[in-house]
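When we follow our numbering, the leftmost residue of the sequence shown carries the number 236, and every step to the right adds one. Each residue gets a CB set at the ideal place from its N, CA and C atoms; glycine is no exception. Note that the structure is a prediction, hence the values are computed from the model and not measured. To keep things clear, I will list the structure first and then write my remarks on it.
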Amino acid sequence: SNAYKKWCRLKGHSLKDTMVINLDCVGAGEKLALFSASKGTQAKTFWESALKESKQEFISKQSSVAFVSDHLIFKNSVMFARVSKSKLGFIYLPNAHTSKDIKSDIPKIEVLSKLIYNSLKGREANEQPD
């Protein structure tokens, strides 16, 4: 994410009004989770749309300490992940940064794809001028 942000600056692309969706370990895990530390309007609108559009319960946390990942350096950003709960009740990304992090549950990816698409579609409808 740092390299991408630097590349954009070098090429003259402003990320000021760009929303970033980080997909991190979305192929395995028990529950879908949505994280954001962003105070940006676009991320907040997307967040609200995702909560409204979701057909399933998922974990949502707005905190910079929930999960440190690539989304944190962008003004308008959210992160989706599939998480599991430990025996002590902590959430974690299963198989993250391991050799087992190569498996994906296609139906889980499809659910996430539809959620993101519908949330973006709903967000755009809310941004239409009167």
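Legend entry - Contact under 7 Å by Cβ, residue 257 with residue 306: Taking the first residue of the sequence shown as 1, we reach residue 257 at position 22. Taking the first residue of the sequence shown as 1, we reach residue 306 at position 71. Yes, these two residues count as a Cβ contact at 7 Å.
Legend entry - Buried/exposed call for residue 242, threshold 16 Cβ in 10 Å: Walking along the sequence shown from the start, residue 242 turns up at place 7. The residue in question, residue 242, is exposed, as its Cβ has fewer than 16 Cβ neighbours within 10 Å.
Inset, instruction - Out of 245, 261 and 308, point me to the one whose CA is closest to residue 271's CA. - result: To locate residue 271, count along the sequence shown from 1; it is residue 36. Comparing Cα-Cα distances from residue 271 to each of 245, 261 and 308, the minimum goes to 308.
Inset, instruction - Compare the C-alpha of residue 337 against each of 259, 285 and 322 and name the closest. - result: Taking the sequence shown and counting its residues from 1, the one referred to as residue 337 is at position 102. Of the candidates 259, 285 and 322, the one whose C-alpha sits nearest the C-alpha of residue 337 is 259.
Legend entry - Where residue 323 falls: helix, strand or coil (DSSP): Looking up residue 323 in the sequence shown gives position 88. Three-state DSSP puts residue 323 in coil, outside helix and strand.
Inset, instruction - Under 6 Å Cβ to Cβ from residue 310, same chain only, skipping five residues before and after it: list those, please. - result: For this step, residue 310 is matched to residue 75 along the sequence shown. So the qualifying residues of the chain are 275.
Legend entry - Under 7 Å between C-beta atoms of residue 304 and residue 255: Numbered from its first residue, the sequence shown carries residue 304 at position 69. Numbered from its first residue, the sequence shown carries residue 255 at position 20. It is not a contact, given that the beta carbons lie outside the stated cut-off.
Inset, instruction - From the DSSP output, in three-state form, read off residue 293 for me. - result: Within the sequence shown, the letter at position 58 stands for residue 293. In this structure, residue 293 counts as coil in the three-state DSSP scheme.
Inset, instruction - Identify whether residue 309 lies in helix, strand or coil by the three-state DSSP scheme. - result: Taking the sequence shown and counting its residues from 1, one reaches residue 309 at position 74. Coil, per DSSP.
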